[in-house]
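The sequence shown begins at 71 in my numbering and counts up by one.
Have a look at the structure below, then the notes.
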Amino acid sequence: MTTLAFVGELPLVRPGITLVQLHDELWRVTRPQGDVLGYIEQFRVRDGLRFRAKRFMPHQRRFMVMGEFWSMDDAIECFRTS
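See below:
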């Protein structure tokens, strides 16, 4: 497993998943065992902040956008329910 030098604070842990902030607008989502599930990106729109959840598809070696949300909690929840 590669550890990036710019990884931020301690991981955010939710039941079944762990998030590590890679920079101000990107979080890596993993299982507690370390398997990468995907990423959550934060981006600005005219009405505020949005959060885009992207699931990693290891067999296809690509990411699939799961949705865009108005809250980080909603973006996190889509990894827990899928």
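Where is the CB? At the ideal position from N, CA and C, for every residue including glycine.
Can you tell me whether residue i is buried or exposed? The criterion is at least 16 other CB atoms within 10 Å of its CB, across all chains shown.
i: T100; result: buried
i: F121; result: buried
i: G108; result: buried
i: G97; result: For the record, residue 97 in the displayed sequence is Trp; it is not Gly. Burial call: buried.
i: F149; result: buried
i: L119; result: exposed
i: F76; result: Interpretation of F76 is limited by its pLDDT of 45, a score under 50 that renders its predicted location unreliable; the figure taken from the coordinates is listed afterwards. Flag for F76 reads exposed.
When every heavy atom of the ligand ADP is checked, does at least one fall within less than 7 Å of the C-beta of residue i?
i: D105; result: The model on display carries no ligand, and the ligand ADP is accordingly not part of it.
Within its chain, find whatever has a CB closer than 6 Å to the CB of residue i; leave out the 5 residues flanking it on each side and keep chain order.
i: M142; result: F121
i: R125; result: G108, M134, M136
i: G86; result: R150
Which one of the options has the shortest CA to CA distance from residue i?
i: M127; options: F113, F139, V106, I110; result: V106
i: F139; options: F113, H129, R132, T151; result: F113
i: I110; options: P85, V90, T151; result: V90
Inset, instruction - Would you mind listing the alpha helix (DSSP H) stretches within the stretch 78-112 that are 4+ residues and don't spill past its ends, in chain order? - result: none
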